[in-house]
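Structure, as structure tokens:
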Amino acid sequence: EAQVTQNPRYLITVTGKKLTVTCSQNMNHEYMSWYRQDPGLGLRQIYYSMNVEVTDKGDVPEGYKVSRKEKRNFPLILESPSPNQTSLYFCASSLFWGGGLEKLFFGSGTQLSVL
Amino acid sequence: DQQVKQNSPSLSVQEGRISILNCDYTNSMFDYFLWYKKYPAEGPTFLISISSIKDKNEDGRFTVFLNKSAKHLSLHIVPSQPGDSAVYFCAASTGNQFYFGTGTSLTVIP
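These protein sequence lines map, in sequence, to chains P and D.
The C-terminal position of the first sequence is numbered 115 in our numbering, with every residue numbered one higher than the one before it.
The C-terminal position of the second sequence is numbered 1110 in our numbering, with every residue numbered one higher than the one before it.
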């Protein structure tokens, strides 16, 4: 089954404790991206990657890191989480062709609480 | 600044009637537009899309309309069903990024 898998689904942590949210897709998609969803703000892009070893900042990259060492994986790293990073996070992937991006496929989400 | 806007946070419609969800955008470089549906505790799922070279696209009960001169996108659901109750996000793409609206929560009343 074609899917985007995120782990964990729920995470409670404390300020300053480094964490990683994993994301994996099995559709051989070139494009992967991370979003956060906050009330009244919709989905905002954190980082995206057009292919292996190619990453770019989205609209809200501060406090986050990503890496794309393999095509299928795109982990989101919070080196020193702060309470304002409490949010619902989504990983997504898409096929990228010469004319642009296809539709995004989303994971089920990771609810992060930073105390 | 929000490039894609959904000005109605919520909408209630009777079962069987038409639901119309609206979306406005500011960037004339957007060339691909999509609608996503989201249930609680799930990720958004793709619903329907439209290229900037078209002004209408239909898929069953769902129709998306694009008015490029007004920079306006709408989703029509006919007839509305209780299972359509969800949050709907519109999105627009420039080719290497997607921009999402803030979402409209649709409630279909049986």
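Note that the Cβ used here is the ideal one computed from N, Cα and C, for glycine as well.
Beta-bridge partners of residue i, as assigned by DSSP
i: residue 101(P); result: 96(P)
i: residue 115(P); result: BP columns for residue 115(P) are empty, so no partner.
i: residue 1104(D); result: 1088(D)
i: residue 1013(D); result: 1108(D)
Interface flag, residue i vs chain P, CB-CB below 8 Å
i: residue 1104(D); result: no
i: residue 1058(D); result: no
i: residue 1044(D); result: yes
i: residue 1096(D); result: yes
Proximal residues to residue i (C-beta, below 7 Å), its chain only, five neighbours per side dropped
i: residue 19(P); result: 11, 13, 78, 81
i: residue 1047(D); result: 1035, 1036, 1037, 1062
i: residue 110(P); result: 6, 8, 9, 11, 21, 89
Residues near residue i by beta carbon distance below 6 Å, same chain, minus five either side
i: residue 1110(D); result: 1015, 1082
i: residue 43(P); result: 35, 37
i: residue 96(P); result: 30, 31
i: residue 2(P); result: 27
Chain-order list of residues whose beta-carbon lies under 8 Å from that of residue i (same chain, five-residue window excluded)
i: residue 115(P); result: 12, 13, 14, 15, 83
i: residue 55(P); result: 47, 48, 49, 66, 67, 68
i: residue 101(P); result: 31, 94, 95
Nearest-angstrom beta carbon gap, residue j and residue i [assumed within contact, 8 Å]
i: residue 105(P); j: residue 90(P); result: 10 Å between Cβ atoms; not a contact.
i: residue 1004(D); j: residue 1032(D); result: That pair is no contact at about 12 Å.
i: residue 41(P); j: residue 1102(D); result: 6 Å
Residue-chain proximity (residue i, chain D), Cβ-Cβ < 8 Å
i: residue 48(P); result: yes
i: residue 11(P); result: no
Chain A within 8 Å of residue i, Cβ atoms only
i: residue 25(P); result: No chain A is present in this structure, whose protein chains are P and D.
Discussion item. Restricting to runs no shorter than 3 residues, where is the beta strand (DSSP E) found entirely within the region 1033-1063 of chain D?
Written reply: Runs found: 1045-1051, 1056-1059.
Fill in: Those runs of the beta strand (DSSP E) which lie wholly inside the region 14-90 of chain P and span at least 3 residues
Taking only runs of at least 3 residues, the beta strand (DSSP E) segments lying wholly in the region 14-90 of chain P are 19-25, 31-38, 42-51, 54-57, 76-78.
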